[in-house]
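Peer 1:
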Amino acid sequence: MHKILYALIPGIILSTYYFGIGILINCLLAVAFALIFEALVLILRKKAIRPVITDGTAIITAILFALTISPYTPWWVSFTGIAFAVVVAKHLFGGLGSNPFNPAMAGYIFVLLSFPIQIAYWPDLTGFTEQELTIRQNISIIFSGLPIELDAITGATPLTNMKLELDLMNMVSEIESNPLYGSFGGKGWESIALAYLAGGIFLIINKIIRWEIPLCVVGSIFLVSLLFNFIDNDVYPSALFHLFTGGTMLCAFFIATDPASSSTTPKGKILYGLGVGLLIYIIRTWGGYP
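In my numbering, the protein residues as written are 93 to 382.
(1) Just reading off the alpha helix (DSSP H) that V123 is part of, what are its end residues?
(2) Sort V309, A348, I347 by Cα distance to H334 and report the nearest one.
(3) Please determine, among F346, T160, A198, the residue with the shortest C-alpha to C-alpha distance to Y288.
(4) Going straight from the alpha carbon of P358 to that of R228, what length do you get?
(5) In terms of residue numbering, what span does the alpha helix (DSSP H) encompassing C308 cover?
(6) Measuring only the C-alpha atoms, how far is T36 from L188?
(7) Assuming V144 contacts V179 under a Cβ cut-off of 8 Å, what Cβ separation, rounded to an integer in Å, is found between them?
(8) Could you check if H183 is buried or exposed, using at least 16 other CB atoms within 10 Å of its CB as the buried criterion?
(9) Between L272 and the ligand ZN, is there a pair consisting of the residue's CB and a ligand heavy atom that are separated by less than 6 Å?
(10) Note down, in chain order, each residue of its chain lying with its Cβ closer than 6 Å to the Cβ of I296, except the 5 sequence neighbours on either side.
(11) Can you check which of these residues, A181, K255, L100, is closest to L156 by C-alpha distance?
(12) For P306, which of F276, L363, S265, I284 has the nearest alpha-carbon?
(13) Using 8 Å for Cβ pairs, my map puts G280 next to L217. What's the rounded Cβ distance?
(14) Give the straight-line distance between the Cα atoms of L204 and M254, rounded to the nearest whole angstrom.
(15) Can you tell me the Cα-Cα spacing of G379 and Y373, whole angstroms?
(16) Where G103 and T340 are concerned, what is the direct C-alpha to C-alpha distance, given to the nearest angstrom?
(17) With DSSP as the reference, label P250 as helix, strand or coil.
(18) Are the Cβ atoms of A196 and A212 separated by less than 7 Å?
(19) If you drop the 5 nearest sequence neighbours on each side, which residues of the same chain put their C-beta closer than 8 Å to that of L286?
(20) Around the Cβ of R137, are there at least 16 other Cβ atoms within 10 angstroms (buried) or fewer (exposed)?
(21) How close, in whole Å, do the beta carbons of A198 and A154 come, if the pair is a contact with beta carbons under 8 Å?
(22) Report back the beta-carbon spacing between A55 and S317 to the nearest angstrom; my notes put them in contact at under 8 Å.
(23) Please return the same chain residues whose Cβ sits closer than 7 Å to the Cβ of F185, not counting the five positions on each side in sequence.
(24) In terms of residues, what are the limits of the alpha helix (DSSP H) holding N230?
(25) Between which two residues does the alpha helix (DSSP H) containing A150 stretch?
(26) Is the separation between the beta-carbon of C119 and that of A158 shorter than 7 Å?
See below:
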């Protein structure tokens, strides 16, 4: 489990570089909340605390959750999401190995449905504004819930912006001229995705995870997006855009490979990975929350 944490470090560093200190604060808060809830539930269940706390699973759950939410997310949203992830999604079903859902993603879905506005604000990477949040301002937003009225904050990620602009009948080529986009994906998101890709390859080489699920998730998204882009490249973004924008690589290597909630047979892993990739593309393209 600790090697998974090591594999996440490059992505965390780059996320902090692009999106600010809020990423690290989210991670630290989520880890603290996860360990506290884990200990409390284990006490109530009259289970040994030390072996479970030190196995790293609670920390991984917390960090994966923290990496999916905005760096400006209020602390109480992280508290609520981690509480649901650890208490409900994990221990209510019997604890590690018995949970049918990925606890981190269950917590994320819970806060997405409960507090969609609070987790929707992201830093402005377009370069249109010279105003950047100081560390103190970022901390104040997380802990004091200051009104988000600064120019350095935007509610649109590249995926969200792409979806909104396409709904307004703009063409992909026009949309990608926006400074929000980089060479082949979202500005900043490309480097972060490459970092998670490198971390995922590290896990495969060290035999922490198997290759079937990540390859099928990435391959499924690549092939489907390539097909639709070939049909109409004015309406459907390129395959590279889908692979290197948003959390595709994080999902493929760190989330979809969760041993408790993913398939265990070779054929099942392939079908599972293909299904995950297909659902990601469907939700991004036609869903309400890309």
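Ideal Cβ positions, reconstructed from N, Cα and C, are used throughout, including at glycine.
Peer 2: On the basis of the supplied data:
(1) 114 to 136 is the span of the alpha helix (DSSP H), which, as asked, contains V123.
(2) Selected option, being the one with the closest Cα: V309.
(3) Nearest Cα to Y288 within the set F346, T160, A198: F346.
(4) Rounded to the nearest angstrom, the two C-alpha atoms are 49 Å apart.
(5) That run of the alpha helix (DSSP H) goes 304 to 323.
(6) Past the edges of the chain, shown from 93 to 382, lies residue 36, and the structure says nothing about it.
(7) Between V179 and V144 the Cβ distance is about 14 Å, and since that is not below 8 Å, they are no contact.
(8) Flag for H183 reads buried.
(9) The ligand ZN is absent from the structure shown, which contains no ligand whatsoever.
(10) If we look at I296 and ignore the five residues flanking it on each side, its Cβ neighbours are W303.
(11) Looking from the CA of L156, the closest CA among A181, K255, L100 belongs to L100.
(12) Looking at F276, L363, S265, I284, the one whose alpha-carbon comes closest to that of P306 is L363.
(13) Going by Cβ atoms, the distance from G280 to L217 rounds to 5 Å, so yes, they are a contact pair.
(14) Cα to Cα, the separation comes out at about 20 Å.
(15) A direct Cα-to-Cα measurement between G379 and Y373 gives close to 9 Å.
(16) Roughly 13 Å separates the two Cα atoms.
(17) The three-state reading of DSSP puts P250 in helix, counting H, G and I together.
(18) It is not a contact, given that the beta carbons lie outside the stated cut-off.
(19) So the qualifying residues of the chain are F336, M341.
(20) Looking at its Cβ environment, which holds fewer than 16 other Cβ atoms inside 10 Å, R137 is exposed.
(21) 13 Å between Cβ atoms; not a contact.
(22) Past the edges of the chain, shown from 93 to 382, lies residue 55, and the structure says nothing about it.
(23) Around F185: N191, P192.
(24) Start and end: 227 to 236.
(25) It spans 149 to 160 - the alpha helix (DSSP H) in which A150 sits, taken as one unbroken run.
(26) Against a cut-off of 7 Å, the Cβ pair of A158 and C119 comes out as a contact.
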